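Take a look at the structure set out below.
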Amino acid sequence: MLKQFSLVFFVLFACYVGVNSRELKHITKELEVDAPAYEAWELYRNLGLINIIVPKLPNVQSTQVLKGDGGIGTVAKTTFVPAAKALEGDCLAFGCSVLIVEFDIKEKSQNSCIIKSIISYAVKKEFEAKDPKPTLPIEAATQASKEYLERETINDS
């Protein structure tokens, strides 16, 4: 039986809020994980991902939950180390105004799942020629979760 869980993080970069959903660009990545889907869902849903990414990502100084418990409407603040480029191509410098990240966790088998990252973002019109493609931090966070989940699955065996 196929099970699927979805979690959406909304991250607003800058104060630009006049973004129409048709203006968003989308990048999709999938990562297979040798751990049950319910364990991956628990990690993402209970903010466990925030706790494991800080030590794994050298550009991240800290992450703090400002509001919520991991469900819809949760707001988290990520503080990057000084002089760190937060996004591939330095998205803010190239006019990236909105970044929306959605994680879909799909059961592949009883002991494996696929974590699908859907990144939707907007670039201000005057910067469209330098499209920054903000994927590196999301890929790094997903990879960190994969390593954690697979290590925990081995330890539980």
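Numbering (mature numbering (1 follows the signal peptide of the UniProt record, and there is no 0)), first residue to last: -21 to -1, 1 to 136. In this text, a Cβ means the ideal position worked out from N, Cα and C, and glycines have one as well. Every value quoted in this text rests on a predicted model; they were computed, and no experiment measured them.
- Leaving aside the five residues that flank CYS92 on each side, the residues in its chain whose CB is nearer than 7 angstroms to its CB run, in chain order, VAL12, ALA14, PRO15, ALA16, ALA19, ILE84, LYS85, GLU86.
- Ranked by Cα distance from PRO34, the options VAL102, THR58, ASP48 are led by THR58.
- About 14 angstroms separates the Cβ atoms of THR114 and ILE94, ruling out a contact at the 8 angstroms cut-off.
- Remark: C-beta atoms of VAL80 and ILE98 approach each other more closely than 8 angstroms.
- In the structure shown, LEU78 adopts extended strand secondary structure according to DSSP, grouped into three states.
- Short of 6 angstroms from the beta carbon of ARG130, and not among the five residues preceding or following it, lies no beta carbon of its own chain.
- In the structure shown, the three-state DSSP call for ALA14 is coil.
- With respect to ALA119, ILE31 sits apart: the two C-beta atoms are not nearer than 8 angstroms.
- Only residues of its own chain outside the window of five on either side were considered, and among them LYS95, SER96, ILE97, ILE98 have a CB closer than 8 angstroms to the CB of THR7, listed in chain order.
- For LEU115, the enclosing alpha helix (DSSP H) covers residues 115 to 135.
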